[in-house]
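To start, the structure under review is shown below, and the notes come after it.
Protein chains: 2
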Amino acid sequence: MKRLKVSNNVIRRLPRYLRKLDELSAQGVSRVSSSELGKQLGLTPSQIRQDFSCFGEFGQQGYGYHVPTLRSQVAAILGMDRNYRAVLIGVGNIGHALIDNFCFSDWGFQLTAAFDVKPEVVGTVFNKVPVLSVEELPQYLDEHETDIAVLAVPKDAAIPVTRLLTVHGVEAIWNFTNVELTEPNSSVIVENVHFSDSLLSLSYFVSERQDEKAARAAREARREH
Amino acid sequence: MKRLKVSNNVIRRLPRYLRKLDELSAQGVSRVSSSELGKQLGLTPSQIRQDFSCFGEFGQQGYGYHVPTLRSQVAAILGMDRNYRAVLIGVGNIGHALIDNFCFSDWGFQLTAAFDVKPEVVGTVFNKVPVLSVEELPQYLDEHETDIAVLAVPKDAAIPVTRLLTVHGVEAIWNFTNVELTEPNSSVIVENVHFSDSLLSLSYFVSERQDEKAARAAREARREH
DNA sequence: TTCATTTTGTTTATTTTATCACATTCTGTT
DNA sequence: AACAGAATGTGATAAAATAAACAAAATGAA
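Keeping their order, the protein sequence lines are chains A and B.
According to this note's numbering, the residues represented by the first sequence are 4 to 228, in order.
According to this note's numbering, the residues represented by the second sequence are 4 to 228, in order.
Below, the structure is given as structure tokens:
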């Protein structure tokens with residue numbers, strides 16, 4: 004698979020393609036063109052073709068794309084067939100919700116263990132995932148190859164835990180804390196899920212629309228005057 | 004406040020600015036320059052100045068930006084002072100976690116009520132938020148002005164609930180379901196929190212790095228040979 | 001007060017991203 | 001088998017985003 008430097012925007016669109024392809028599969032659709040895909044995703048056909056062309060040639064002229072084939076190609080590009088191993092740090096509300104509800108295996112991940120400080124959760128098992136003490140975390144990481152860590156600890160613990168993780172060979176962090184982890188000289192890959200950022204963007208768009216409405220109303224009023 | 008068409012990228016950076024400004028405030032820093040801000044956020048000073056200039060002039064030459072002032076300006080741009088009202092639909096694991104852990108008021112939102120179908124949660128109160136039956140949702144929306152709905156229902160309910168919400172005047176949805184809500188002829192504002200998209204992006208970056216490592220190792224081996 | 005230094009806001013240049021356009025190639029029907 | 005229609009992959013073009021450059025203005029020390 005070719006993989007020259009691919010832009011971030013392209014990468015962010017890939018999971019959406021995957022989701023749409025799964026949806027089409029579920030509907031029994033086995034063939035799709037870039038223009039149909041574009042219509043359903045709000046993108047131009049051209050952009051879709053160019054996105055895929057970063058990784059190879061997956062379509063066929065005069066026909067389009069075979070949905071299952073394209074789906075598996077996109078999955079491979081995203082690394083879903085690599086069976087990455089993950090641990091979860093912090094079995095609070097969000098951590099617990101992730102263990103119970105987020106189907107890691109659907110996305111090619113294996114959640115092998117969870118860690119927490121609270122004695123009342125340590126030793127329990129949720130959804131087949133054992134909860135261990137954070138005391139055991141360093142040893143666990145040394146003994147079990149772990150690709151990513153899901154960080155769902157309280158704010159104050161975020162930085163020290165991150166340091167611990169990176170020291171013990173974890174090279175990627177899926178960050179659910181509201182803390183900016185990106186340290187200057189660190190090479191760890193961080194993917195943030197900042198709820199507040201998302202909500203504030205929404206807040207902006209709502210405000211924008213309300214202001215537009217108000218402006219329209221003001222113009223109307225002036226006209227009547 | 005000036006507000007010509009501002010690009011999406013700019014808007015997505017605003018919440019990060021806010022977060023960093025809060026952090027600086029907490030550290031007792033009251034003054035910051037675009038270059039310092041840029042260093043801490045991994046952005047160029049130029050970009051930061053240009054971003055702010057979309058909305059007005061908040062800095063002072065030779066001095067930089069007054070942290071509390073800039074903070075409140077950014078907050079105002081994002082609409083945090085508009086006291087938007089929100090309802091939550093779906094008190095499952097993720098919905099529950101949001102009620103308990105996500106501090107809506109910190110971001111200028113007021114979570115007024117939650118709705119669910121399950122008889123065992125209807126009638127309960129979590130964190131001062133009453134859980135009502137979805138049966139009551141239409142009437143509630145008609146009687147209580149509601150700006151945004153937090154959608155945390157199971158997959159199958161996503162589309163019908165969205166329709167219900169928009170019919171009753173909700174104009175924005177914060178979507179935690181894994182379903183693509185963006186319908187062609189709908190004018191509702193949707194902000195998605197797709198965990199899986201985020202994880203798959205991370206998966207891509209990890210794969211990319213592993214491939215690079217493997218390629219380097221292969222080159223090394225060939226050199227020794 | 002004066003003046004070197006700092007730092008902004010904005011204009012201009014550069015780079016990146018998205019779209020267009022089309023030659024090429026496959027499909028499927030007659 | 002032949003051919004009209006469809007749809008890809010890609011090189012060229014347009015648009016958008018980022019970075020650089022700089023004039024204007026405020027700071028703060030001598």
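Cβ atoms here follow ideal geometry from the backbone N, Cα and C, with glycine treated the same way.
Counting C-beta pairs with one atom in each stretch, the region 53-68 of chain B and the region 81-89 of chain B have fewer than three that are closer than 8 Å, which means they do not touch. Residues of chain B whose Cβ lies closer than 7 Å to the Cβ of GLU194/A are, in chain order, SER201, SER204 and LEU205.
Put simply, the region 150-159 of chain A touches the region 171-188 of chain A. At least three CB pairs are less than 8 Å apart. Between ALA117/A and VAL90/A, the gap from beta carbon to beta carbon is short of 8 Å. Assignment of ALA79/B by DSSP, reduced to helix, strand and coil, places it in the helix class. The continuous alpha helix (DSSP H) containing GLU211/A extends over residues 198-227. Counting only residues of its own chain and dropping the five nearest sequence neighbours on each side, ILE102/B has a CB closer than 8 Å to the CB of LEU91, VAL94, LEU114, ALA117, PHE129, ASN130 and VAL132.
Counting of Cβ neighbours within 10 angstroms places ASN12/A among the exposed residues, the total staying below 16. Taking the CA atoms as reference points, PHE198/B sits about 26 Å from GLU26/B. Think of a sphere of 8 Å around the beta carbon of ASP119/A: no beta carbon from chain B falls inside it, the nearest being about 15 Å out. Counting along the chain, SER28/B sits inside the alpha helix (DSSP H) bounded by residues 11-29. About 13 Å separates the CB atoms of ILE80/A and LEU7/A; that is not less than 8 Å, and the two are not in contact. VAL209/B belongs to the set of residues whose beta carbon lies under 8 Å from a beta carbon in chain A. Between GLU146/B and GLU227/A, the alpha-carbon positions lie close to 31 Å from each other.
When the five nearest sequence neighbours on each side are left out, the beta carbons in the same chain lying within less than 6 Å of the beta carbon of THR149/B are those of ARG88, VAL90 and VAL173, in order along the chain. C-alpha of LEU203/A to C-alpha of ALA220/B: approximately 44 Å in a straight line. Taking C-beta separations shorter than 6 Å and ignoring five residues to either side along the sequence, the partners of LEU140/B in its chain run PHE118, following chain order. The three-state reading of DSSP puts ASN181/A in coil, since its state is none of H, G, I, E or B. The C-beta distance from GLU194/A to LEU44/B rounds to 17 Å, too long to meet the 8 Å contact threshold.
Nearest Cα to ASN104/B within the set THR127/A, ASN96/A, CYS106/A and PHE105/A: ASN96/A.
DSSP links VAL156/B through a beta bridge to no other residue. Secondary structure note for LEU167/A: its alpha helix (DSSP H) is the uninterrupted segment 161-170.
Taking all protein chains shown into account, THR47/A has fewer than 16 neighbouring C-beta atoms within 10 Å of its C-beta and is therefore exposed. The beta carbon of VAL9/B sits closer than 6 Å to the beta carbons of CYS57 from its chain, once the five residues preceding and following it are set aside; these are given in chain order. For ASN195/A, DSSP records a beta bridge to ASN178/A. Nearest to ALA175/B by C-alpha distance, out of ALA161/B, ILE162/B, SER190/B and PRO163/B, is SER190/B. Counting of Cβ neighbours within 10 angstroms places VAL35/B among the buried residues, the total reaching 16 or more.
Around ASN96/B, the beta-carbon contacts reaching into chain A at under 7 Å are ALA100, ASP103 and ASN104. At a Cβ-Cβ threshold of 8 Å, HIS171/B and LEU135/B do not count as neighbours. When the beta-carbon positions are compared, LEU184/A and ALA160/A stay at least 8 Å from each other. Here GLY67/B carries a strand assignment [DSSP, helix/strand/coil].
For PHE198/A, the closest Cβ of chain B is nearer than 8 Å. Contact residues of the region 19-43 of chain B toward chain A are ARG19, LEU21, ARG22, LYS23, GLU26, LYS42 and GLN43 (C-beta to C-beta distance below 9 Å).
When Cβ-Cβ separations below 8 Å define contact, ARG85/A makes contact with chain B. In this structure, SER28/A and VAL77/A do not form a Cβ contact; the two beta carbons are roughly 12 Å apart against a cut-off of 8 Å.
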